[in-house]
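When you read off a place in the sequence shown, starting at 1, and then add 77, the result is the number in my numbering.
Report on one structure; see the data block that follows.
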Amino acid sequence: MDRSSPNLLSPRDAIVDALSRALVGCDNHDAELFNSAWAGEEVSFEILGGEKKVLPNLNTIRTHVLDRVGPMDTTHSISNIRVTAKDGADDTATITATSMAQHCPPGRGKEPDGPKYMVAGEYSADVVKMDGIWKLKKCALKVIWTQGDPSVMGGP
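Here you go:
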């Protein structure tokens with residue numbers, strides 16, 4: 078089965094799957110799965126932490142998320158998922174979900190005392206249905222708290 082076409086999911090789960098594909102694609106450093114989550118090049122991802130960081134298109138998102146975080150030992154988990162679709166709008170919806178993401182340098186995730194960085198927050202996303210598959214159009218992560226060694230994330 079093509080992992081990017083969730084044909085066996087309920088309508089609600091198919092909407093949530095857009096965010097799940099992005100997160101699992103990142104955790105597994107799987108560019109095909111990660112890309113399948115996004116509605117083309119004209120998308121955006123915002124990280125709302127201490128400073129607002131806007132990634133204005135898919136190429137930039139891949140560079141700053143998939144290429145940087147993908148090689149790490151990571152787990153991105155979501156819960157408290159809410160899906161909202163407006164009456165009569167069968168091709169747009171919104172998702173909110175709380176999240177916990179553990180980040181470790183590549184190959185060091187199993188070290189009990191190795192460097193780790195946990196980020197807890199809330200995702201919100203606008204999703205659109207394209208060719209029968211739900212995809213992220215605009216996604217934001219509001220960071221609520223962090224714990225651990227921020228240098229694990231690398232870069233400025």
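Every residue gets a Cβ at the ideal spot worked out from N, C-alpha and C, and that includes glycine.
Closest Cα partner of residue i within the set the options
i	options	result
arginine 145	Gly117, Asp104, Arg185	Asp104
threonine 173	Glu188, Lys219, Arg139	Lys219
methionine 195	Val205, Asn136, Ser176, Val204	Ser176
serine 201	Glu188, Gly127, Lys215, Ser87	Lys215
aspartate 208	Ser228, Asp167, Thr223	Asp167
glycine 117	Leu135, Ile155, Lys129	Leu135
asparagine 112	Trp211, Glu128, Thr152	Trp211
valine 204	Asp94, Ser87, Leu86, Leu85	Asp94
histidine 67	Gly191, Arg98, Lys163	Lying outside 78 to 233, the shown extent of the chain, residue 67 is not represented and no answer is given.
glutamate 123	His141, Leu110, His106, Ala114	His141
arginine 89	Pro182, Val131, Lys163, Thr223	Lys163
glycine 147	Leu86, Gly102, Trp115, Gln179	Gly102
lysine 206	Ala114, Lys130, Gly126	Ala114
threonine 171	Glu128, Ala178, Arg159	Arg159
cysteine 181	Thr161, Asn157, Gln224	Gln224
Three-state secondary structure (DSSP) of residue i
i	result
methionine 78	With a pLDDT of 42 at methionine 78, under the threshold of 50, the modelled position of that residue is not reliable, and the figure given next carries that caveat. The answer is coil: DSSP assigns methionine 78 none of H, G, I, E or B.
arginine 185	coil
asparagine 112	helix
valine 120	coil
methionine 149	coil
leucine 85	coil
Element boundaries [beta strand (DSSP E), containing residue i]
i	result
aspartate 139	Here residue 139 is arginine; the residue named in the question, aspartate, does not match the sequence. Premise fails: arginine 139 is in no beta strand (DSSP E) and is neither H nor E.
lysine 212	210-225
methionine 207	194-207
valine 131	129-132
N- and C-terminal bounds of the alpha helix (DSSP H) containing residue i
i	result
serine 97	88-104
Contact belief for residue i with residue j at Cβ below 8 Å, rounded distance in angstroms
i	j	result
leucine 100	isoleucine 155	7 Å
glycine 198	aspartate 150	At roughly 19 Å, the Cβ-Cβ gap does not stay under 8 Å, so glycine 198 and aspartate 150 are not in contact.
lysine 187	aspartate 226	Not a contact, Cβ separation roughly 16 Å.
alanine 108	leucine 143	6 Å
leucine 125	alanine 217	6 Å
beta-carbon residue i near the ligand ADP non-hydrogen atom, thresh 7 Å
i	result
asparagine 112	The ligand ADP is absent from the structure shown, which contains no ligands of any kind.
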